[in-house]
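Asker: My structure is below; once you've seen it, I'll send some questions.
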Amino acid sequence: MSNPEPTTDFPPRPAAEVVENNRRQLLDTVDRIAGQGPFQPSWTSLADYQVPDWFRDAKFGIFIHWLPASVPAYGNEWYPRSMYLEQAPEYAHHIAAYGSQESFGYKDFLPQFTGSAFKAEDWIALVKRSGARYVVPVAEHHDGYALYDTGLSRWKAPLIGPGADIIAELAEAAREAGIRFGVSSHRAENWWFFNGGTRFASDVQDPRWADLYGPAQPKSTQPDQAFLDDWLARTAELVERYSPDLVYFDWWIEQPAFREHLRDFAAYYYNQAAGDGDGVVINYKWDAFDAGTAVQDIERGAVRAIQARPFQNDTSTSRLAWCHLADNSFKPLSELLTDLIDTVSKNGSLLLNIGPRPDGTIPEQERALLEGVGDWLAVHGEAIYGTRPWLVYGEGPTHLAGGSFADTAQVPWTAQDLRFTAKDDTLYAFVLGRPADGTVLVRTLGTDLRLADVEVDSVEVLGSSAPAAWSHDRDGLRLTLADTPGTTPLCVRIKLRTVQAPQRYEPPMLE
763 MSNPEPTTDF PPRPAAEVVE NNRRQLLDTV DRIAGQGPFQ PSWTSLADYQ
813 VPDWFRDAKF GIFIHWLPAS VPAYGNEWYP RSMYLEQAPE YAHHIAAYGS
863 QESFGYKDFL PQFTGSAFKA EDWIALVKRS GARYVVPVAE HHDGYALYDT
913 GLSRWKAPLI GPGADIIAEL AEAAREAGIR FGVSSHRAEN WWFFNGGTRF
963 ASDVQDPRWA DLYGPAQPKS TQPDQAFLDD WLARTAELVE RYSPDLVYFD
1013 WWIEQPAFRE HLRDFAAYYY NQAAGDGDGV VINYKWDAFD AGTAVQDIER
1063 GAVRAIQARP FQNDTSTSRL AWCHLADNSF KPLSELLTDL IDTVSKNGSL
1113 LLNIGPRPDG TIPEQERALL EGVGDWLAVH GEAIYGTRPW LVYGEGPTHL
1163 AGGSFADTAQ VPWTAQDLRF TAKDDTLYAF VLGRPADGTV LVRTLGTDLR
1213 LADVEVDSVE VLGSSAPAAW SHDRDGLRLT LADTPGTTPL CVRIKLRTVQ
1263 APQRYEPPML E
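Residue numbers (the working numbering): 763 to 1273.
Shown next as structure tokens:
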């Protein structure tokens, strides 16, 4: 194949004094608001943070990774880094497909990221169709390219690529549709993301592009004050311009150098939102924030027990990547549904990712998966939205490995694997595998177990017109399902006449 021509027409670099003035104004705003309000910029003060009810009730959101790495659509969203790592498959692929990294660098993909078919209303309509209650597009990934109209960089969608403020358009469409709007910032990783290009002849070393490729420092080093201040200013700029309900951070903010800036940002963000009384959310990974000062996110993983604090699990429809790939591999609908159910049963919310093509269209497989989730939630949503964990999260022989990056293979759920949620006097029991004989035993409700002192008042299968035959004895609640909906997992609505629950605890799973 013939190699494409590199781009020579890039936006002019803004005047340094203009950028510095913008940055200083943003930092001054953070400093002022962080000290004026119910929160102070200290971890002790931030420990008073309460997760807002809108997030606790929403349970399901859509993550969107749309970035220029979708143009080569090879490897994954780390293509911008890997194309400069000499031992990576992306390095050789790039030379074969595009030429040397000196003549055709990552910057040359940006004009090909056209967004020619992008319509914010279409994206948000699909989000709403999926049953999601919030949406979180990536505003800036590790590559330093902003999908919004930043005053701190020329490398932004309004000037190169789609030619529009994508984040502004999505925010407006989401709010018109009644969807909570968040933004994701992965700016922290830009400190080292392109450092492979400093080891051989590449455009990373060209001073004309230094404001895109960043410091390109060794990953083992801590960011300097200038980078940290710029990071804080860019993050505050997202809040000032778009008033997001949620700000999501990727993992590298856990570096010690970020601690003071994270504390200041949290106090600023929480105080900035305090006036509306609705509350906002910060997502973080690992131990970047003190426990209870924000909402922890677990990437592609799970927890093994009910969590005392609300958390979030984020995963992708794709097994291979977060962004669009030419040869992607997608999870089945049943796996996405069980991810959602297991997460909600343990006091969490699921943030499910899609990766649009560079023209802004959403791949048909991902569209079908989101529509499938929406169809399921149309029937079973009452057992998800606004619920809380029950005394135990479930029962059954199948156990999930806790922690991040545990979704590498589909879990073989059985009809004995159940998950529970609760709302008022109703217990919802999800049956994660299809019962071959139509019978289900909820052993947790066995009268001998005495986990809860309950009387079962009624039992119904959500989405089924046929009544469920049931009996309640020492072994549990036994259900005979004459007619069950076609989509697994099933959900049984159990009305409880009385519940005298002991203090919450998490016994071993019933097998």
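Every residue, glycine too, gets a C-beta built ideally from N, C-alpha and C.
1. Helix, strand or coil for serine 1091, going by three-state DSSP, please let me know.
2. Within 7 Å: the Cβ of alanine 908 and any heavy atom of the ligand HEM?
3. Contact criterion: CB-CB distance below 8 Å. Does tryptophan 1138 meet it with respect to chain D?
4. Closest to histidine 827 by C-alpha separation, out of Thr1105, Leu1113, Thr791 and Val1065, would be which residue?
5. Identify every residue that forms a DSSP beta bridge with arginine 996.
6. DSSP three-state call for alanine 930: helix, strand or coil?
7. Helix, strand or coil, according to DSSP, for threonine 1079 in the structure here?
8. Between Lys1108, Ala1231 and Glu1128, which lies nearest to glutamate 1157 when the distance is taken from Cα to Cα?
9. Within the chosen definition, does the segment 1162 to 1170 reach the segment 1054 to 1071 through at least 3 CB pairs nearer than 8 Å?
10. Just the C-alpha distance for threonine 983 and aspartate 1040, rounded to the nearest angstrom, thanks.
11. Assuming lysine 1185 is part of the beta strand (DSSP E), what are its boundary residues?
12. Could you give the residue range of the alpha helix (DSSP H) that holds glutamine 1058?
13. Does the beta-carbon of glutamine 812 have 16 or more other beta-carbons within 10 angstroms, so that it is buried, or is it exposed?
14. Going straight from the alpha carbon of proline 1269 to that of glutamine 874, what length do you get?
15. Using 8 Å as the cut-off, can you tell me whether the segment 771 to 780 makes contact with the segment 1015 to 1024, which would need three or more C-beta pairs spanning the two stretches below that distance?
16. In angstroms with no decimal places, state the Cα-to-Cα distance between alanine 972 and valine 966.
17. Write down the C-beta distance between proline 776 and tyrosine 860 rounded to the nearest angstrom, noting that I regard them as a contact closer than 8 Å.
18. For glycine 823 and proline 834, what's the separation of their Cα atoms in angstroms?
19. Just the C-alpha distance for alanine 978 and glycine 913, rounded to the nearest angstrom, thanks.
20. Starting from the C-beta of alanine 1274, find all residues in its chain whose C-beta is less than 6 Å away, skip the five residues before and the five after it, and write them out in chain order.
21. What's the gap between the Cα of alanine 1191 and the Cα of glycine 1037?
22. What separation, rounded to the nearest whole angstrom, lies between the Cα atoms of threonine 876 and glycine 1208?
23. Have a look at Leu1258, Arg1205 and Leu1132 and flag the residue whose alpha-carbon is nearest the alpha-carbon of alanine 1184.
24. Leaving out the 5 sequence neighbours to the left and right, which residues in its chain are closer than 6 Å to leucine 872 when beta-carbon positions are compared?
25. If you drop the 5 nearest sequence neighbours on each side, which residues of the same chain put their C-beta closer than 8 Å to that of proline 1072?
26. Among residues of its own chain, excluding the 5 on either side of glutamine 1034, which ones have a beta-carbon nearer than 7 Å to its beta-carbon?
27. If you drop the 5 nearest sequence neighbours on each side, which residues of the same chain put their C-beta closer than 7 Å to that of serine 1055?
28. Output yes or no for whether 8 Å exceeds the beta carbon distance between arginine 1003 and tyrosine 1155.
29. Go through its chain and collect everything with a Cβ distance to glutamate 852's Cβ below 7 Å, but skip five positions before and after it.
30. Note down, one range per segment and in chain order, each alpha helix (DSSP H) of at least 4 residues found wholly within the segment 925 to 979.
31. Our contact map puts proline 1151 next to isoleucine 1068 with C-beta atoms below 8 Å; I'd like the distance itself, whole angstroms only.
32. Distance check for leucine 1153 and glutamine 1265, CA to CA, integer angstroms please.
33. What did DSSP end up calling isoleucine 1116 once you bin it into helix, strand or coil?
34. Can you give the beta carbon distance from glycine 944 to leucine 1008, rounded, assuming they're within the 8 Å contact cut?
35. Which partner residues does tryptophan 1138 have in the DSSP bridge list?
36. What residue range is occupied by the uninterrupted alpha helix (DSSP H) comprising serine 807?
Answerer: Walking through what the data contain:
1. coil
2. Absence of the ligand HEM is noted for the structure shown, with no ligands found whatsoever.
3. You won't find chain D in this structure, because it holds only one protein chain.
4. Leu1113
5. Answer by DSSP bridge pairing: none, since arginine 996 is not bridged.
6. helix
7. coil
8. Lys1108
9. yes
10. 39 Å
11. 1180 to 1185
12. Looking at the DSSP string, glutamine 1058 is not in any alpha helix (DSSP H); the run it does join, the beta strand (DSSP E), is 1057 to 1061.
13. exposed
14. The pLDDT assigned to proline 1269 is 47, lower than 50, so where the model puts this residue is not dependable; a value taken from the coordinates is nonetheless given after this. C-alpha separation (whole angstroms): 55 Å.
15. Remark: fewer than three beta-carbon pairs, one from each stretch, lie closer than 8 Å, so the segment 771 to 780 and the segment 1015 to 1024 are not flagged as touching.
16. 7 Å
17. Taking C-beta atoms under 8 Å as the contact rule, proline 776 and tyrosine 860 fail to qualify, at a distance of about 28 Å.
18. 27 Å
19. Rounded to the nearest angstrom, the gap between the Cα atoms of alanine 978 and glycine 913 is 22 Å.
20. Missing from the structure shown is residue 1274; the chain here goes from 763 to 1273 and no further.
21. 39 Å
22. 59 Å
23. Leu1258
24. Pro830, Ile922 and Gly923
25. Val813, Phe817, Arg818, Val1057, Asn1109, Gly1110 and Ser1111
26. Ile795 and Val1001
27. One detail in the question is off: residue 1055 reads as threonine in this sequence, not serine. Only Trp805, Leu808, Ala809, Tyr811 and Ala1028 meet the Cβ criterion.
28. No, they are not a contact pair.
29. Tyr836, Gly837, Tyr841, Ser844 and Met845
30. 928 to 938 and 972 to 975
31. Yes, they are in contact, since the Cβ atoms of proline 1151 and isoleucine 1068 sit about 5 Å apart, within 8 Å.
32. Caution applies to glutamine 1265, whose pLDDT of 47 falls short of 50 and renders its modelled position unreliable; the value that the coordinates give is listed next. Distance between the alpha carbons of glutamine 1265 and leucine 1153 is about 8 Å.
33. Strand at isoleucine 1116.
34. Contact between glycine 944 and leucine 1008 holds: CB atoms are separated by about 3 Å, below the 8 Å threshold.
35. In the DSSP output, where bridge partners are listed per residue, tryptophan 1138 has none listed.
36. 805 to 808
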